[in-house]
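Enquirer: Residue 59 in my numbering sits at position 57 of the sequence shown, with consecutive numbering throughout. Below is one structure. I have some questions about it.
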Amino acid sequence: MDQAGDYPVTVTLTPAAGPRNRLTTALRPILAIPHSILAGPVYWSSRTGGAGLLGAAAYAMAIVSWFTLLITGEQLRGIRDFSLY
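Below, the structure written as structure tokens:
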């Protein structure tokens, strides 16, 4: 590589020419509803750190896990597997 901006791989893409289906484009926000429920809406992520059902469950399990670690000295396997997920 002689110059700082050179890369060993060059990729050339040609856009697919053809008509676009406007109905599927219009209905895409409906497909975002399950993601918004589980992971939280995109505009909330910057303020709340990715709230949603999964985030709330992870927060609650972290508190429960802390108490089980404090009392028994070991983490429950189900909570550990969920936090690894």
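Ideal Cβ placement from N, Cα and C applies to all residues, glycine included. Remember, predicted model here, so these are calculated numbers, not experimental data.
1. Tell whether a beta-carbon distance below 9 Å holds between Ile39 and Leu55.
2. Would Gly20 and Gly42 be called neighbours here (beta carbons separated by less than 9 Å)?
3. Cα separation between Met3 and Thr12?
Expert: Reading off the structure:
1. yes
2. no
3. Per-residue confidence for Met3 stands at a pLDDT of 47, beneath the threshold of 50, marking its modelled position as unreliable; the derived number appears in the next sentence. Rounded to the nearest angstrom, the two C-alpha atoms are 13 Å apart.
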